[in-house]
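Colleague: Below is the structure I would like to discuss, written out as structure tokens.
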Amino acid sequence: MSSNATRITACRACGARLGAVFCDLGTMAVANSYVPPDRADAPEPVFPLRAMVCEGCRLVQLDTIVDAVGIFTDYAYFSSASSSWLDHAARFCAGMTERLTLGPDSFVVEVASNDGYLLRNFVAAGIPCLGVEPAANVAAIANEAGVPTEVFFFGAESARDLVARRGLADLVVANNVLAHVPDVNDFVAGMAIAVGDRGLVSIECPHLVNLVDGVQFDTIYHEHYAYWSLLSMEALLARHGLAVVDVERLPTHGGSLRVMARQAPAAASDAVLAVRAEEKARGLDGDAFYQGFEARVQEVLAGLRHWLATATAEGRRIGAYGAAAKGNTLLNAAGVKAPAILAVADRSTAKQGRLLPGSHIPVVTPEALLAMGLDDILVLPWNIAGEIAGSLRRGGFGGRLVTAVPRITELP
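Start counting the sequence shown at 33; every next residue gets the next number (our numbering).
Printed below as a string of structure tokens:
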């Protein structure tokens, strides 16, 4: 195994033994490690991609940990690339401003704040805020946009420093970052320190129940170290003196939870009780819920291979849209390589001109993709497929648009 990857046998959250295999996707390149064309012939580092189930807290997690510094110091994902995600962030900020009566004397911190996509709403409202972002290239974009952002990995030590400099936070936001954190105990300890007895922690992450129900295996990649249920998250938060007070179900990322917590003790809402009961009824605290997932994954991969083979045999020209990490997991797990798919379009200028990791499919602009005279376009980010399909239709594409997860589905 490479020196910048580590095999673990104990749960990153509770320390119990990792038990059954949840999903083994083989060995592949890191999903967001886009390849410069001049390195197309150079060997890519590859690592096992296998998710296991903790025998204690039932947290689903990878057993091979790729170095977080190497992944997140220069990152190729920009939250502002999706208009629907920007709308989601704006609604969240408006709702939290009302819920917590935030104003000029408040302080909001977002951890893994990316390019300032969310905090810019608080800046516009005159609410003091700070972004914490480990990727210097992304943080620079946020600062240029007027969103105050500091570059460091968040944890207990950095939280103590932040409180000493700025005081306690009224709100700490951690959207779609908990999955990316190797040391979740240090990270959650930092959030508890940052809010103290004053503030609210808000965490958004895809819900494991939706991942299983929708066969969303393509959300498994090396940048996602863990896959969360309310059951496993509550156990982690409690370890650091935080109690879940509310939860919201969200449609984002194929079905997510927004979990809100305060310093314990604190009463749980009816919504929390309902999700707890659902997870109990589904058997998340046992073994059966986690069994059989990999067989369903193989059916999805077989379906994609069959569709590609049929379309190719018919002489159809095939492209893809969305150079997203989930697409790279899908393509690499299915063994799809260029030129079976001629090109993939993405709005991110950081990805354009590069090759997808593993498959080496070239990334082009949406305009370039539409100019290629394609018959079919495979939409890789199925979570925003409607938004993408609308854009492509408005751009004049009249061919077939399909998604592959949880099955080959033709879009209008």
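Cβ coordinates follow ideal geometry from the N, Cα and C atoms, glycine included.
From a predicted model like this one, the values you see are computed outputs, not experimental measurements.
Ignoring anything shorter than 4 residues, give me the alpha helix (DSSP H) runs that lie fully in the segment 130-161, in order along the chain.
Modeller: Fully enclosed alpha helix (DSSP H) runs of 4 or longer: 151-156.
Colleague: Is it buried or exposed, Arg49, if we count other Cβ atoms within 10 angstroms and call 16 or more buried?
Modeller: Its Cβ having fewer than 16 others within 10 Å, Arg49 is exposed.
Colleague: Looking at the structure shown, is Asp408 part of a helix, part of a strand, or coil, going by DSSP?
Modeller: Asp408 falls in the strand class under three-state DSSP.
Colleague: Under three-state DSSP, which class holds Arg90?
Modeller: Note: Arg90 maps to coil in three-state DSSP.
Colleague: Quick check on DSSP: helix, strand or coil for Tyr353?
Modeller: Strand, per DSSP.
Colleague: Do the segment 380-398 and the segment 60-69 touch if we need at least three Cβ pairs shorter than 8 Å?
Modeller: Yes, they touch.
Colleague: Name the one or two DSSP bridge partners that Pro394 has.
Modeller: According to DSSP, which records beta bridges pairwise, Pro394 is partnered with Leu387.
Colleague: Would you kindly work out how many angstroms separate the C-alpha atoms of Leu424 and Ala400, rounded to a whole number?
Modeller: Going from the Cα of Leu424 to the Cα of Ala400 covers about 12 Å.
Colleague: To test your reading of the DSSP string, which unbroken alpha helix (DSSP H) runs of 4 or more residues are found completely within the segment 192-230?
Modeller: 216-227, all fully within the segment 192-230.
Colleague: If Val307 sits next to Leu269, beta carbons under 8 Å apart, how far is it from one beta carbon to the other, in whole angstroms?
Modeller: In fact, because the Cβ distance is near 14 Å, the residues do not count as touching under 8 Å.
Colleague: On the DSSP bridge list, what partners appear for Ser288?
Modeller: Answer is Pro238 and Leu282.
Colleague: Report the residue from Arg290, Gly228 and Ser264 whose alpha carbon sits nearest the alpha carbon of Met128.
Modeller: It is Arg290.
Colleague: Taking DSSP as the reference, what is the three-state secondary structure of Leu316?
Modeller: Three-state DSSP puts Leu316 in coil, outside helix and strand.
Colleague: By the three-class DSSP mapping on this structure, what secondary structure does Tyr259 have?
Modeller: In this structure, Tyr259 counts as strand in the three-state DSSP scheme.
Colleague: Terminal residues of the continuous beta strand (DSSP E) containing Glu442?
Modeller: From DSSP, the beta strand (DSSP E) with Glu442 extends over Thr441 to Leu443.
Colleague: With a 10 Å radius around its C-beta and 16 neighbouring C-beta atoms as the bar for buried, classify Arg90 as buried or exposed.
Modeller: Buried.
Colleague: DSSP beta-bridge partners for Thr435?
Modeller: The partner list for Thr435 (beta bridge, DSSP) reads Thr441.
Colleague: Who are Gln295's beta bridge partners in DSSP?
Modeller: According to DSSP, which records beta bridges pairwise, Gln295 is partnered with Leu274.
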